[in-house]
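Q: In my numbering, the protein residues as written are 331 to 516. Just dropping this structure here.
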């Protein structure tokens with residue numbers, strides 16, 4: 331699966347879970363250490379709000395702290411809709427041949443796109459676990475994300491953004507292998 335179609339599917343996977351969040355679930359635990367459902371939603375909403383800025387060439391300093399804090403409030407779906415719509419429009423109008431500023435420096439736009447796709451994918455699963463709904467992810471998306479990131483599993487673990495990879499049998503389902511690679515215990 332190419333990047334932009336994969337990203338659209340990942341957005342849809344996360345979107346499908348956000349639609350099922352009830353306000354009384356915002357304090358539920360998620361598989362992400364120290365993150366409740368609200369924290370996870372704020373992370374993804376903030377990430378999506380950054381997309382138009384970064385794709386337009388802005389630096390982290392220029393964006394500043396404008397997307398810090400509780401962006402979800404008591405309206406998680408509305409916050410997600412605003413942020414994801416802005417991100418979708420930015421991706422649809424972007425050139426994947428450029429470069430973007432991220433925490434680790436400047437990287438190719440396509441790499442940034444795959445990072446965002448992976449984050450949406452794994453956090454769709456995290457959110458599903460946090461609110462107790464179906465955790466199944468699109469199989470083609472799972473395979474695409476796993477294929478892109480499997481060669482970089484050591485870098486992901488060293489980044490501190492993910493828990494260390496979990497042991498899993500090679501015969502495990504692709505989704506289980508992807509989640510274990512990203513430090514999850516499916």
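All C-beta atoms, glycine included, are put in the ideal place defined by N, C-alpha and C. Computed from a predicted model, the values in this text were never measured in an experiment.
What would DSSP say about residue 506, mapped onto helix, strand or coil?
A: helix
Q: Can you have a look at residue 490 and say buried or exposed, based on whether 16 or more other CB atoms are within 10 angstroms of its CB?
A: exposed
Q: Alpha carbon to alpha carbon, how far is residue 418 from residue 440?
A: 15 Å
Q: CB-CB under 6 Å to residue 452, same chain, minus the five flanking residues each way: which ones, in chain order?
A: Only 512 meet the Cβ criterion.
Q: What residue range does the alpha helix (DSSP H) around residue 459 cover?
A: 439-461
Q: Taking 8 Å as the CB-CB cut-off, is residue 371 touching chain D?
A: Any reference to chain D falls outside this structure, which holds one protein chain only.
Q: From this set, 414, 356, 507, which residue's C-alpha is nearest residue 497's C-alpha?
A: Minimum Cα distance to residue 497 is reached at 507.
Q: From this set, 347, 434, 366, which residue's C-alpha is nearest residue 488's C-alpha?
A: 434
Q: Is the separation between the beta-carbon of residue 375 and that of residue 410 shorter than 8 Å?
A: The Cβ-Cβ distance between residue 375 and residue 410 falls below 8 Å.
Q: Can you look up residue 429 in the DSSP assignment and give me helix, strand or coil?
A: strand
Q: Would residue 483 and residue 406 be called neighbours here (beta carbons separated by less than 8 Å)?
A: It is not a contact, given that the beta carbons lie outside the stated cut-off.
Q: In the DSSP assignment, what residue or residues form a beta bridge with residue 436?
A: 431
Q: Within a Cβ cutoff of 8 Å, which residues of the same chain sit near residue 510, ignoring the five residues on either side of it in sequence?
A: 495, 496, 497, 498, 502, 516
Q: Among 467, 430, 456, which one has its Cα closest to the Cα of residue 445?
A: 430
Q: By the 10 Å Cβ neighbour count, where 16 or more other Cβ atoms means buried, how is residue 414 classified, buried or exposed?
A: buried
Q: Kindly indicate the opening and closing residues of the alpha helix (DSSP H) around residue 331.
A: First-last for residue 331: undefined, no H or E at that position.
Q: For residue 359, which of helix, strand or coil comes out of DSSP?
A: Strand.
Q: Using 8 Å as the cut-off, can you tell me whether the stretch 331-342 makes contact with the stretch 465-479, which would need three or more C-beta pairs spanning the two stretches below that distance?
A: yes
Q: Can you have a look at residue 447 and say buried or exposed, based on whether 16 or more other CB atoms are within 10 angstroms of its CB?
A: buried
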